[in-house]
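Remember, our numbering sits 1183 above the position in the sequence shown when you count from 1.
Below: one structure, written as structure tokens.
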Amino acid sequence: RLIQNSTIREAVANYLVDQLYENVNIEQELKSILPGETKQLAGPAAGGLRGVAGNGAEEILKTSTAQGLWQEANRTAHEQLLEVLEEKGGTVSTEKGEVSLNLGSLVTNLAGQVGIGEKLAEKLPPDAGQITILRSDQLKTAQDVVVAIKGLALLLSLLTLLCFGLAIYLSREGRWVTVLYCGVGLVAAGFAVIVAREVAGGIVVGQLVDEESVKPAAEAAWSIGTSLMTSIATTVIVIGVLFGVAGWLASPTGSAQSTRRVLAPTLHEHVAYVYAAL
């Protein structure tokens, strides 16, 4: 989803071209292959080639081959990151090393497409296209955060259900009100997550991105990367609404009583289906 986003794809294409020009002297390479007097055109040609390479890189990133390389690079970095965060040991440790996204294969792929061929790709250093995700001095902090989040997620979820159940049980005469307020709480929590995601996105993008030209891509990456939060929040809101409906149906209001009278015969006739649905 990241590389299929046009804004992110454009930013990645620009990065690949920058890496190519930073690691290889394109002008010198052109001089070595241009004949006679035309060698003087190497400088302007290198500048012109940069624009062509930029457009070419974006087209390359639309191909299945390039997107496969992108997916593999991201998958490898993700596996390394999880290995470190979950302290499984392996190739990366908190004492030394980094978790990196290696886009070198994409830089090499681009180098082979700019018109100079494999000769240019062979001159790229091993660290071309390496994007550091986490440094060794950051990994221990990240591990602690992940342990805390995973532990609290389970603990707080269980506590929420326990508190809801206990509150409804202790309410006795006013249980429908408690059920209704449980629904209101869930709906509020769901919307709070959606708002928090938007606020956090602004902070994270602002902290990590210095160049204004890259911000749209960073915002798109944040949106895609945290889309699961919105899905979870939406589910919580739906469950909250169902709690609210249940609370209203159990209330002594005239509308609830009328609705119960209409639903009761059907529900009695199909008890198994009702419980299965619940």
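We treat Cβ as the ideally placed atom computed from N, Cα and C, and that holds for glycine.
Beta strand (DSSP E) segment containing Leu1284, residue limits: For Leu1284, the enclosing beta strand (DSSP E) covers residues Val1282 to Asn1285.
CA-to-CA distance, Pro1435 to Trp1359, given in whole angstroms: Rounded to whole angstroms, Trp1359 to Pro1435 spans 9 angstroms at the Cα level.
Gly1287 beta carbon less than 7 angstroms from that of Gly1251: Their beta carbons are not under 7 angstroms apart, which means Gly1251 does not touch Gly1287 by this criterion.
Whole-angstrom C-beta distance between Val1370 and Ile1316, which should lie under 8 angstroms: 36 angstroms between Cβ atoms; not a contact.
Burial state of Leu1264, where buried means 16 or more other Cβ atoms lie within 10 Å: The residue in question, Leu1264, is buried, as its Cβ has 16 or more Cβ neighbours within 10 Å.
Residue environment, Cys1346, which counts as buried when at least 16 other CB atoms sit within 10 Å: It is exposed - the Cβ of Cys1346 has fewer than 16 other Cβ atoms within 10 Å.
Residue environment, Gln1440, which counts as buried when at least 16 other CB atoms sit within 10 Å: Exposed, because fewer than 16 other Cβ atoms sit within 10 Å of the Cβ of Gln1440.
Pick from Thr1259, Asn1206, Leu1284 and Glu1193 that is closest to Gly1239, judged by C-alpha positions: Looking at the Cα atoms, Glu1193 is the closest of the given residues.
Backbone secondary structure at Thr1409 - three-state DSSP: If DSSP states are grouped into helix, strand and coil, Thr1409 belongs with coil.
C-beta atoms of Ala1196 and Glu1255 nearer than 7 angstroms: The answer is no: Cβ separation not under 7 angstroms.
Simplified DSSP assignment, three categories, for Ile1316: Of the three classes helix, strand and coil, the one that applies to Ile1316 here is strand, per DSSP.
Nearest-angstrom Cβ-Cβ length linking Gly1385 and Gly1423, presumed shorter than 8 angstroms: Contact between Gly1385 and Gly1423 is ruled out by a C-beta separation of about 26 angstroms, above the 8 angstroms threshold.
Inter-residue Cα distance where the pair is Leu1338 and Arg1444: One C-alpha to the other measures close to 40 angstroms.
Buried versus exposed call for Gln1187 [16 or more other C-beta atoms within 10 Å across all chains shown]: Of the other Cβ atoms in all chains shown, fewer than 16 fall within 10 Å of the Cβ of Gln1187; this residue is therefore exposed.
Contact belief for Glu1402 with Val1388 at Cβ below 8 angstroms, rounded distance in angstroms: The pair is a contact, with the Cβ atoms about 6 angstroms apart (cut-off 8 angstroms).
Helix, strand or coil at Arg1184 according to DSSP, with G and I counted as helix: In this structure, DSSP gives Arg1184 a state outside helix and strand, which the three-state scheme calls coil.
C-alpha distance - Met1412 paired with Leu1284, whole-angstrom precision: Taking the CA atoms as reference points, Met1412 sits about 24 angstroms from Leu1284.
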